[in-house]
Structure formats: C-alpha cells, structure tokens
Amino acid sequence: MNTFYLYTLSLEDYEMIATHPNLSADKRRLKLNNHLLISGTNRRVITQMLHLSAKQDMQASQLSRNDFHVYGLRYEQLQDVLIQELQLAAGHFSHTIHKVNMAAFYYLSFSTHRQLTAVLVKDEPEGISTRSWEGRPPTPMNRFYGEE
1 MNTFYLYTLS LEDYEMIATH PNLSADKRRL KLNNHLLISG TNRRVITQML HLSAKQDMQA
61 SQLSRNDFHV YGLRYEQLQD VLIQELQLAA GHFSHTIHKV NMAAFYYLSF STHRQLTAVL
121 VKDEPEGIST RSWEGRPPTP MNRFYGEE
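Given below as structure tokens:
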C-alpha cells in the first residue's frame with residue numbers, strides 16, 4: 001500500500017535529520033514525528049503529489065530511490081485537496097488519513113507559502129495493517145448491537 005507523509009520541515013532540514021550520522025534510528029523517527037503534519041494512504045493526495053512532481057512544481061531530493069520519493073513543496077500547492085480530504089475523514093474510522101497534526105494545520109493557514117517536505121513510500125511494509133484499518137470497522141459490530 002502506498003503511503004504519504006507531509007512534514008512541516010523544509011527539504012534541507014529534512015535531509016539534514018535523515019542523513020545525520022550521530023542520530024540513531026529511534027531519535028531520527030522521533031524528530032521527524034515531531035514535525036509530521038499528516039500521513040496516510042489517501043489516493044487523491046498521492047495523485048496530487050505525483051501530478052505536482054510531474055509538472056516539476058516540487059523540488060526533488062537526493063534521498064529519492066525507486067520505492068521512496070522525497071520532495072519539497074509549498075503548503076499552498078496541496079492545501080485544497082488536504083482540507084477536502086480532512087473534511088471527508090472527520091468521524092470515519094476507515095478513512096485513509098492516519099495521523100493529523102491539527103495545530104500545525106491551524107498555523108499553516110496563516111502562512112500558506114511555507115515549505116513542506118513530502119515523502120511518498122511505495123508499498124510500505126510497516127504501513128497500517130488491513131486487519132485494523134482499510135475497509136473494515138475498527139471494532140466488532142456485535143459490540144454495538146449485541147450477540148446475534
């Protein structure tokens with residue numbers, strides 16, 4: 001399953017954290033999670049990111065590989081599609097938005113030209129398991145309706 005991550009870091013700051021030789025994997029993950037704006041498997045968001053990268057509106061990183069792409073972009077480039085998908089995701093457990101930092105969205109609304117880093121991971125092995133997310137309710141239905 002393809003997964004996207006948007007970080008409130010510029011591309012240079014992201015690359016510095018990702019390639020810093022003195023950071024352990026846990027510390028690196030913690031630092032990046034502190035700057036995570038939104039992540040998920042939403043196809044509209046991923047399609048929009050790929051469309052922007054094809055138009056050369058996103059700055060590609062040296063860290064990109066075949067199954068892992070890192071881009072720099074401005075928040076205003078994805079603002080409309082992100083807000084629409086967040087509105088659709090509100091209250092739906094099975095939606096394709098996994099983590100959201102609402103405080104960061106609030107502050108980004110005042111500076112839409114802010115630089116972000118987008119990471120696209122193709123078929124992420126440690127993604128959200130289909131057992132607990134995609135297309136299935138998070139709890140058994142009999143919890144709400146009783147035994148049949």
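Under the UniProt record's numbering, the sequence shown has 71 at position 71, and the numbering climbs by one with no breaks. Think of the CB as a built atom: it goes at the ideal place given N, C-alpha and C, for glycine as much as any other residue. All of these numbers come straight from a predicted model, not from anything done at the bench.
Helix, strand or coil at residue i [DSSP, three-state]
{"i": "residue 51", "result": "helix"}
{"i": "residue 120", "result": "strand"}
{"i": "residue 19", "result": "helix"}
{"i": "residue 28", "result": "helix"}
{"i": "residue 73", "result": "strand"}
{"i": "residue 9", "result": "coil"}
Nearest neighbour of residue i, chosen from the options [CA to CA]
{"i": "residue 50", "options": "105, 100, 4, 116", "result": "4"}
{"i": "residue 114", "options": "86, 102, 79", "result": "79"}
{"i": "residue 111", "options": "21, 87, 76, 117", "result": "76"}
{"i": "residue 13", "options": "90, 34, 54", "result": "34"}
{"i": "residue 31", "options": "41, 40, 97, 16", "result": "16"}
{"i": "residue 82", "options": "68, 56, 109, 69", "result": "109"}
Contact set for residue i: own chain, Cβ-Cβ below 8 Å, skip 5 residues either direction
{"i": "residue 162", "result": "This structure cannot settle anything about residue 162, because the visible part of the chain is limited to 1 through 148."}
Buried or exposed (CB count within 10 angstroms, at least 16 for buried), residue i
{"i": "residue 54", "result": "exposed"}
{"i": "residue 7", "result": "buried"}
{"i": "residue 101", "result": "buried"}
{"i": "residue 24", "result": "exposed"}
{"i": "residue 71", "result": "buried"}
6 Å CB neighbourhood of residue i in its chain, flanking five on each side removed
{"i": "residue 43", "result": "none"}
Beta-carbon contacts of residue i that lie in its chain and below 7 Å, excluding the five residues immediately before and after
{"i": "residue 48", "result": "78, 81"}
Chain C within 8 Å of residue i, Cβ atoms only
{"i": "residue 68", "result": "The structure shown contains no chain C; it holds only a single protein chain."}
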